[in-house]
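To start, the structure under review is shown below, and the notes come after it.
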Amino acid sequence: MAEHRAPIESGAPDPMPLMHPLLRKNYGQWIYHDHPKPGVLMHRAASGDEVWTVKAGTQRQMDVHTIRKLCDIADRYADGHVRFTTRSNIEYMVADRAKVEPLIEALNDAGFPVGGTANSVSMIAHTQGWLHCDIPGTDASGVVKALMDELYDEFVKSEMPNRVKLSTSCCEINCGGQADIAIIVQHTKPPKINHDLVANVCERPAVVARCPVAAIRPALVNGKPSLEVDEKKCICCGACYPPCPPMQINDPEHSKIAIWVGGKNSNARGKPTFHKLVASGLPNNAPRWPEVAAVVRKILAVYKADARPWERMIDWIDRIGWARFFEKTGLPFTKYHIDDWRGARRTLNASTHIRF
Amino acid sequence: MAKKPHETPLLDELESGPWPSFVTGLKRLAQDNDMAVDLLGQLETSYRTRKGYWKGGTVGVYGYGGGVIPRFTELKDENDKPVYPDAAEFHTLRVQPPAGMHYDTKTLRMLCDIWEKHGSGLIAFHGQSGDIMFQGIRTDKVQAAFDELNEAGFDLGGAGPALRTSMSCVGAARCELSCYDEQRALREVINSNLDDMHRPALPYKFKFKFSGCPNDCVNAIQRSDFATIGTWRDNMQVDHAYARAYFREHGMTDLVNDVVTRCPTKAIQVMKKGEVKAGPHHSVAELDDELRLVIDNKDCVRCAHCLNVVRGGLLPGKDRGVTILVGGKGVLKIGATMGTVVVPFMKLATDEDFEKLKELARNVIDFFAENALEHERIGETVDRIGLVNFLEALGLDIDPNMVNEPRSNPYVRTDGWDEEAAKWEERKQSAA
């Protein structure tokens, strides 16, 4: 076997040589931006330079042919430079306003939706799912494709009260992250344990330690060292599954999908917030998850009709109250919405502030 | 020409509709790549059975202990042979992107060529931690693919109990709210701690994120252990021409409803020119010849809302720097937690400032390495030991900006009160 080369520990590459020259020239010197139309931003620098950005949606998991197609468009219409946003949109920068419309046309002709700026529903932050994850309860790319087909109009228009960020996660670890609307797998049954495999596959003390509610303990099953779960204590979170795959948590029938709303990353107006559970028990219905899409659409429609300008999802709910959120969306409010995890009392209403 | 494609009736349904389809992309790859053919076969099976079929393992490159996500199929026939043998190994290389995710097409094409040659041809721009994810490669090809990527200037990212790949917003490259050089900060901090990324030996993962302003576009507070967020100490800057332009376009109703009443601390007032008694802490923007927008910067919490609305008319001050928050994380194990303030303000302009940031980052990683329990994130450690113990270990001064409110229970031993009060007075004197 050939001698291996030692890695060059170069870390995160320097973006400067790759950056659009106008961004490099005006680095740190921007003074203004405008949003002339959905999918287009204009930034102005102190020097007077203007740069026009056109944002387009992608499928994130891209084949090399798609990436080359995006490159062809950049070479022909956009000075050969692009950047990606944290939500996997692609951005093309041009120095000349006259290049904006031909660029939009080229992107649309190639099947890439232009939008995602300002008060739009942006591309869904998502995870790996069945395509690549070792513990997924559902798919990621497929859920996102199905939902973005449904929300296409809201991506290419900018008609929401404020920006709307969505995420999906294939298990309760929630790699997709916090969002105005988050779509997350919610298991409803304790793990099914393959006792034949536990001893060989799992480091049992590590699995015991992983459980948030101390529901797992070592046990001898059929003469073999294994683990058992106190099913009355189990909260079906699936935390034991990654370190111990024989603790099978995923279930085609009982792994459901839950919807959470009101996460906000920004410090604008109120402090950042975590999203909160509003719906669960939705079926994991590949390949298009219509039940999930229906609830997301319903929430978005009510928010769009009812929220005032600049109200993010949580700002709107803070104003109208949770009781009216459930009333307006028609979603049932259940005992499962009332938190009982540590610190839960601060989520309870310790006042007579009630909207009638 | 690749082998014959499998029937994929469920995935085929994801080819219709207006959004770009990853299935169409995979099928295009499957025209000349057997791994893509069999990946589609396994994925279709998952869609039918609603189960995942990948398991982890150990795959890496010479010299590193992390950065490759191994995936082996668990979908086997009765003879324990993979049902889809050409996708039986489908590893991912996590590769750190250029800070700010800027590319030229030459670089993107080069990345495509390397991955087409060695892997499946499927690349995600980008994963949730910010990596370029080169998805789908056999074990025996991992080293060669990495060597080519590495020679081309790219390095593996983080995986497992390690420093993770970082993200910064577009920031100074194209945003008027940028308060520091985010891309430099990312590279200074991450690239000086690569040993903890490439050779995983921390109690659990550790993430840095860098946002240029309080809008926090990379979700640093919610999803990083160490959030570095741009802010400013002095008065907001005003540009009368842009402020007037806003007012001309929007008028009084929008100004009141969208700007004045949305200020979380009621720091903004509209006044007539003659009524304004501007002190040293006020920013005054001209709305027209008669009206002024008056901001009391002592009341302002730097939420950035009014800057978002009155674009260009209101801008961050000149005395810029960062707020640092520690302890953000996802669900496992105690529930999601946000980062909380450990440094209310730190200048971040000179080389010395960046050295200080690097030193703090290194010290926090060291503290984490030495004090966190296995599989514990730093936010959980802080929960367990209390913020004060963390601050004292790091030598950080306590500050009222670190709390929403002081404690409301008496369960604390306070026999060191006089010494602590003296420290406060001393700090106040030295700051004056």
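Chains C and E, in that order, are what the protein sequence lines are.
Going by our numbering, the first sequence opens with residue 454, and the numbers climb by one from there.
Going by our numbering, the second sequence opens with residue 428, and the numbers climb by one from there.
Note that the Cβ used here is the ideal one computed from N, Cα and C, for glycine as well.
Since residue i meets chain E, which of its residues come closer than 7 Å, beta carbon to beta carbon?
i: tryptophan 775 of chain C; result: Correct list: empty, because the minimum Cβ distance to chain E is about 19 Å.
i: glutamate 462 of chain C; result: Asp582, Leu621, His625
i: arginine 750 of chain C; result: In chain order: nothing, as chain E lies at least about 14 Å away.
With H, G and I counted as helix, E and B as strand and the rest as coil, what does DSSP make of residue i?
i: leucine 478 of chain E; result: The residue asked about is misnamed: residue 478 of chain E is lysine in this sequence, not leucine. Three-state DSSP puts lysine 478 of chain E in coil, outside helix and strand.
i: glutamate 684 of chain C; result: coil
i: glutamate 440 of chain E; result: helix
i: tryptophan 659 of chain E; result: strand
i: serine 473 of chain E; result: helix
i: valine 639 of chain C; result: Checking the sequence, you will find glutamine at residue 639 of chain C rather than valine. In this structure, glutamine 639 of chain C counts as strand in the three-state DSSP scheme.
i: proline 512 of chain E; result: helix
i: leucine 741 of chain E; result: strand
i: tyrosine 545 of chain C; result: strand
i: phenylalanine 809 of chain C; result: coil
i: serine 620 of chain C; result: strand
Please compile the residues from chain C whose C-beta is within a distance smaller than 7 Å of the C-beta of residue i.
i: proline 827 of chain E; result: Here the premise fails: no neighbours, minimum Cβ distance about 16 Å.
i: asparagine 577 of chain E; result: Pro460, Ile461
May I ask whether a heavy atom of the ligand ZN can be found less than 6 Å away from the beta carbon of residue i?
i: proline 588 of chain E; result: Here there are no bound small molecules, and the ligand ZN is not part of this structure.
Considering only the alpha carbon of each residue, which of the options lies closest to residue i?
i: cysteine 596 of chain E; options: E/Val645, E/Gly483, E/Glu819; result: E/Val645
i: serine 620 of chain C; options: C/Gly691, C/Ala593, C/Asn675, C/Pro643; result: C/Ala593
i: proline 743 of chain E; options: E/Thr500, E/Ala514, E/His732; result: E/His732
i: glutamate 801 of chain E; options: E/Leu759, E/Leu456, E/Val768; result: E/Leu759
i: lysine 430 of chain E; options: E/Cys690, E/Glu440, E/Asn460; result: E/Asn460
i: aspartate 666 of chain E; options: E/Thr519, E/Glu779, E/Val770, E/Leu734; result: E/Leu734
i: lysine 490 of chain C; options: C/Gln514, C/Thr570, C/Gly481; result: C/Thr570
i: lysine 568 of chain E; options: E/Leu502, E/Val486, E/Val737, E/His553; result: E/Val486
i: isoleucine 710 of chain C; options: C/Pro699, C/Leu735, C/Lys508; result: C/Leu735
i: valine 616 of chain E; options: E/Gly483, E/Ala526, E/Glu575; result: E/Ala526
i: lysine 686 of chain C; options: C/Thr726, C/Ser719, C/Pro725, C/Thr641; result: C/Thr641
i: lysine 729 of chain C; options: C/Glu607, C/Asn738, C/Ile712, C/Arg799; result: C/Ile712
i: alanine 589 of chain E; options: E/Glu575, E/Ala799, E/Cys539, E/Met773; result: E/Ala799
i: lysine 725 of chain E; options: E/Ala776, E/Trp659, E/Glu779, E/Thr841; result: E/Trp659
i: arginine 540 of chain C; options: C/Gly568, C/Asn738, C/Val638; result: C/Gly568
Alpha carbon to alpha carbon, what distance is there between residue j and residue i?
i: cysteine 524 of chain C; j: aspartate 771 of chain C; result: 44 Å
i: alanine 652 of chain C; j: alanine 747 of chain C; result: 44 Å
i: isoleucine 773 of chain C; j: phenylalanine 779 of chain C; result: 10 Å
i: glycine 533 of chain C; j: lysine 552 of chain C; result: 13 Å
i: glycine 590 of chain C; j: phenylalanine 781 of chain E; result: 42 Å
i: alanine 721 of chain C; j: aspartate 643 of chain E; result: 9 Å
i: histidine 648 of chain C; j: histidine 529 of chain E; result: 49 Å
i: aspartate 704 of chain C; j: proline 665 of chain C; result: 21 Å
i: leucine 682 of chain E; j: glutamate 612 of chain C; result: 20 Å
i: proline 466 of chain C; j: glycine 494 of chain E; result: 16 Å
i: glutamate 807 of chain E; j: valine 674 of chain C; result: 34 Å
i: proline 630 of chain E; j: proline 698 of chain C; result: 21 Å
i: leucine 604 of chain C; j: glycine 452 of chain E; result: 21 Å
List, in chain order, every chain E residue whose beta-carbon is nearer than 8 Å to that of residue i.
i: threonine 805 of chain C; result: In chain order: nothing, as chain E lies at least about 20 Å away.
i: histidine 510 of chain C; result: The question names histidine, but residue 510 of chain C in the sequence shown is glycine. By Cβ distance, chain E contributes Trp446, Pro447.
i: proline 625 of chain C; result: Reading off the sequence, residue 625 of chain C comes out as glutamate, not proline. Neighbours of glutamate 625 of chain C on chain E, chain order: Val758.
i: aspartate 528 of chain C; result: Thr532
i: valine 504 of chain C; result: Arg601
Output the boundary residues of the alpha helix (DSSP H) element that contains residue i.
i: glutamine 570 of chain E; result: 566-578
i: proline 489 of chain C; result: Where proline 489 of chain C is concerned, there is no enclosing alpha helix (DSSP H), although the beta strand (DSSP E) it sits in stretches over 483-490.
i: glutamate 649 of chain E; result: For the sequence presented, residue 649 of chain E should be read as glutamine rather than glutamate. Per DSSP, glutamine 649 of chain E belongs to the alpha helix (DSSP H) from 647-650.
i: alanine 459 of chain C; result: Unbroken run through alanine 459 of chain C: none, as it is neither H nor E.
i: aspartate 502 of chain C; result: Note, aspartate 502 of chain C: premise wrong, no alpha helix (DSSP H); not H, not E.
i: aspartate 540 of chain E; result: 532-545
i: aspartate 622 of chain E; result: 621-625
i: tyrosine 763 of chain C; result: It should be pointed out that residue 763 of chain C corresponds to tryptophan in this sequence rather than to tyrosine. Here tryptophan 763 of chain C belongs to no alpha helix (DSSP H), and DSSP marks it neither H nor E.
i: glutamate 797 of chain E; result: 778-798
i: glutamate 853 of chain E; result: 844-858
i: leucine 613 of chain E; result: 609-618
i: aspartate 649 of chain C; result: 648-654
State the start and end residues of the unbroken beta strand (DSSP E) segment that holds residue i.
i: arginine 747 of chain E; result: 747-753
i: alanine 721 of chain C; result: Per DSSP, alanine 721 of chain C belongs to no beta strand (DSSP E) and is neither H nor E.
i: arginine 536 of chain C; result: 534-537
Does the beta carbon of residue i sit closer than 7 Å to a beta carbon anywhere in chain B?
i: glutamine 639 of chain C; result: Given the protein chain composition of this structure (C and E), no chain B is represented.
Can you pull the chain C residues whose beta carbon is under 8 Å from the beta carbon of residue i, in chain order?
i: arginine 498 of chain E; result: His585, Asp587
i: glutamine 856 of chain E; result: By Cβ distance, chain C contributes nothing, its closest Cβ being about 32 Å from glutamine 856 of chain E, past 8 Å.
Closer than 9 Å by beta-carbon distance: list the chain E residues that pair up with residue i, in chain order.
i: aspartate 467 of chain C; result: Pro525, Ala526, Gly580, Gln610, Arg614
i: methionine 495 of chain C; result: Within 9 Å Cβ-Cβ: nothing; methionine 495 of chain C doesn't reach chain E, min ~10 Å.
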